[in-house]
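Encoded as structure tokens, the structure appears first; notes follow it.
2 protein chains.
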Amino acid sequence: MEIIDGKLMAQQLKNEIAAEVNDLIAKGERPPHLVAVIVGHDGGAEAYVANKEKNCLAVGFRSTNLHFDENITEQELLDEIYKLNDDPEVDGFIIQMPLPKHIDAQKVTEAIDWRKDVDGFHPVNVGRMTIGLPAFKPATPSGIIELLRRYNIPTKGKHAVVIGRSNIVGKPIASMLMQKAYPGDCTVTICHSSTPDIKEQCRRADIIIAALGKPGFVTEDMVKEGAVVIDVGTTRVPDSTKKSGSRLCGDVDFDNVAPKCSYITPVPGGVGPMTNCILLKNTLSARKNNLPG
Amino acid sequence: MEIIDGKLMAQQLKNEIAAEVNDLIAKGERPPHLVAVIVGHDGGAEAYVANKEKNCLAVGFRSTNLHFDENITEQELLDEIYKLNDDPEVDGFIIQMPLPKHIDAQKVTEAIDWRKDVDGFHPVNVGRMTIGLPAFKPATPSGIIELLRRYNIPTKGKHAVVIGRSNIVGKPIASMLMQKAYPGDCTVTICHSSTPDIKEQCRRADIIIAALGKPGFVTEDMVKEGAVVIDVGTTRVPDSTKKSGSRLCGDVDFDNVAPKCSYITPVPGGVGPMTNCILLKNTLSARKNNLPG
């Protein structure tokens, strides 16, 4: 059994990105520039964006945060997006969700030029990914693919069971794992809230992707000996032994499941750290006018 | 066991469409207008387009076929597409594939205004469908959904196994069946050429969608008692007992599989006739400026 070290892999990826940025700068070119758009005030969003900025600076990117008042109108926000679309010095940008209720989030997402949509949520990117064309792909599933690749985990012909059908994790990881590619070429089963026999479905899996957001949902009896278990859950649960009073909890009962696995990701320190780096990787691709393959 | 009558369902759908067209005309509005773009000469493509025209006229649509010489340049073809995009009297159009080799088919597909892409192949439509938003969806999977609906076949919580991961059938039907909707809300497994145990995967299915193009591939031992079997195969095989010397053959060994099924589609007369009608249904939606839900 091997515990996948997401922190280490993320550091490796960041080093690779930083080296490419250094090459760009050595050639006299400008570094990649990532912009985050934040509307109103939300503690979680602000912490996320601050972390994004720290990561950008660590790899030599330019980073800009655009804060708008929560009373900005939808049209004013759309106009700001059009400016970013047209700005040749902006390679990629993200809109921090959730947006205030008077703004149609889907409309805003679709207003982004898909070639700058480094979050990979624009329908063109979703569609291109599904068809198997180069596209910006969402951070979490891309991070999982990156971990599978960096650990040389065999995937061809393996049966992957995905728990959860969200647009940001379940559906895209299912889509990526079924493509004729490495990592990929899996038989893929997607389970969700209407699946009556999730336990049995999981028991047959060579690879389990747990992305439903229920702490400890995947128990030892659901996991085949030698399976690969990827835990996407990040639920904050109370924990009086921690200084903060809480801890992050995955969807997998790690202590009991881990001994049966060939590979498993911990929470924290598994998928999470990789996820943050994909945004950098996508922005570097945008800077080079390439779409991730 | 009930044999799904695709011809009858297609006729019902055509009657419903014709009634809506009559309503439009009674209100003094113009009928829906579908354009087919054909480059060069291909017997199969021409037969398909002739059939499309016949269907259009049967429901009161306006139908136009634009034939271009096989030496048309990519740019000239793109310019023709831009004209169709801008023409307010064209509701939807299709580009007959395959295109000559000097033309980039993907570029041509992406040049279509997705709001007129009644074939549902534009990345925006693929992406919107994946996310669960209204979109034009490809004809064959939409036809399957229509058959499931018209026969009131229960799908929620059922396990659907899709054989084949093509962009025009396997992937989109998997995507539709996993959405929280009726028909849909299935646990979905997608199998393909790299799946080592297709027989076992199928044996567990409540619903089998066979879309791999191998005549008679799905045999009786692969089908659970009471399963729903949808056969998308249409391979032409030699048959000396037929006047034409050949017949259409499905992916399912119909005679031996049918007795075990609760529902099964025959070939011909199952999915095929419905497929042709979806193009009309999508064009009617385009005429009404609605996207199919």
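Going down the list, the sequences are from chains U and B. Note that my numbering has the first sequence beginning at 26, numbered continuously upward. Note that my numbering has the second sequence beginning at 26, numbered continuously upward. For each residue, glycine too, the CB sits at the ideal point set by N, CA and C.
Item	Value
Length of the line joining the Cα atoms of N90 of chain U and K141 of chain B	37 Å
is_contact[M203 of chain U, chain B] using C-beta, thresh 8 Å	yes
Short Cβ contact (8 Å threshold) for I156 of chain B with P163 of chain U	no
Heavy atom of the ligand SAM within 7 Å of N80 of chain U beta-carbon	Questions concerning the ligand SAM fall outside what the structure shown contains, since it holds no ligand whatsoever.
Close-in-space but distant-in-sequence residues of the same chain around P291 of chain B (CB under 7 Å, 5 per side omitted)	I28 and F279
Segments of 4+ residues assigned as alpha helix (DSSP H) that fall wholly inside the segment 114-154 of chain B	130-136
Start-to-end residues for the beta strand (DSSP E) that takes in R261 of chain B	T260 to P263
CB contact below 8 Å: T155 of chain U versus chain B	yes
N192 of chain B: contacting residues in chain U (beta-carbon distance under 9 Å)	T155, I156 and G157
Span of the beta strand (DSSP E), counted from its first residue to its last, around R272 of chain B	S271 to C274
8 Å Cβ cutoff met for D210 of chain U and S219 of chain B	yes
Classification of I233 of chain B by the beta-carbon crowding that lies within 10 angstroms, buried from 16 upward	buried
Contact list for G69 of chain B against chain U, beta-carbon separation under 9 Å	Result: empty, since nearest Cβ-Cβ is about 23 Å, beyond 9 Å.
V324 of chain U - DSSP class collapsed to helix/strand/coil	Outside the shown range of chain U, which is 26 to 318, sits residue 324 of chain U, and nothing can be said about it.
As assigned by DSSP and simplified to three states, the class of T290 of chain B	coil
Segments assigned beta strand (DSSP E), at least 3 residues, entirely inside the segment 67-100 of chain U	87-93
8 Å Cβ cutoff, I198 of chain B in contact with chain U	no
First through last residue of the alpha helix (DSSP H) which encompasses D280 of chain B	F279 to V282
L49 of chain B (DSSP reduced to helix, strand or coil)	helix
Nearest neighbour of D94 of chain B, chosen from B:K205, B:H127, B:Q131 and B:K32 [CA to CA]	B:H127
Inter-residue CB distance, M299 of chain B and A35 of chain B (contact presumed, cutoff 8 Å)	5 Å
When B:V257, B:S265 and B:S191 are compared against C274 of chain B, the one with the closest alpha-carbon	B:V257
A235 of chain B, DSSP secondary structure in three states	strand
Inter-stretch contact at 8 Å, needing at least 3 Cβ pairs: the segment 69-85 of chain B / the segment 303-315 of chain U	no
Closest residue to S191 of chain B among B:A236, B:I178 and B:N177 (Cα-Cα distance)	B:A236
T165 of chain U at chain B interface by Cβ criterion, 8 Å	no
Proximal residues of chain U, C-beta to C-beta of P221 of chain B below 7 Å	G182
Span of the alpha helix (DSSP H), counted from its first residue to its last, around L202 of chain U	G195 to M203
Below-8 Å beta-carbon distance, C227 of chain B vs any chain U residue	no
Any C-beta of chain U under 8 Å from that of N80 of chain B	no
Chain B within 8 Å of I188 of chain U, Cβ atoms only	no
Alpha-carbon spacing of Y107 of chain B relative to T212 of chain B, whole angstroms	41 Å
Secondary structure of L38 of chain B, DSSP reduced to three states	helix
Bounding residues of the alpha helix (DSSP H) (the contiguous stretch that carries L173 of chain B)	A164 to R175
Cross-strand partners of I215 of chain B (DSSP beta bridge)	U:V213 and B:V187
Closest by C-alpha distance to V296 of chain B, when choosing among B:T165, B:T98, B:R153 and B:Q131	B:T165
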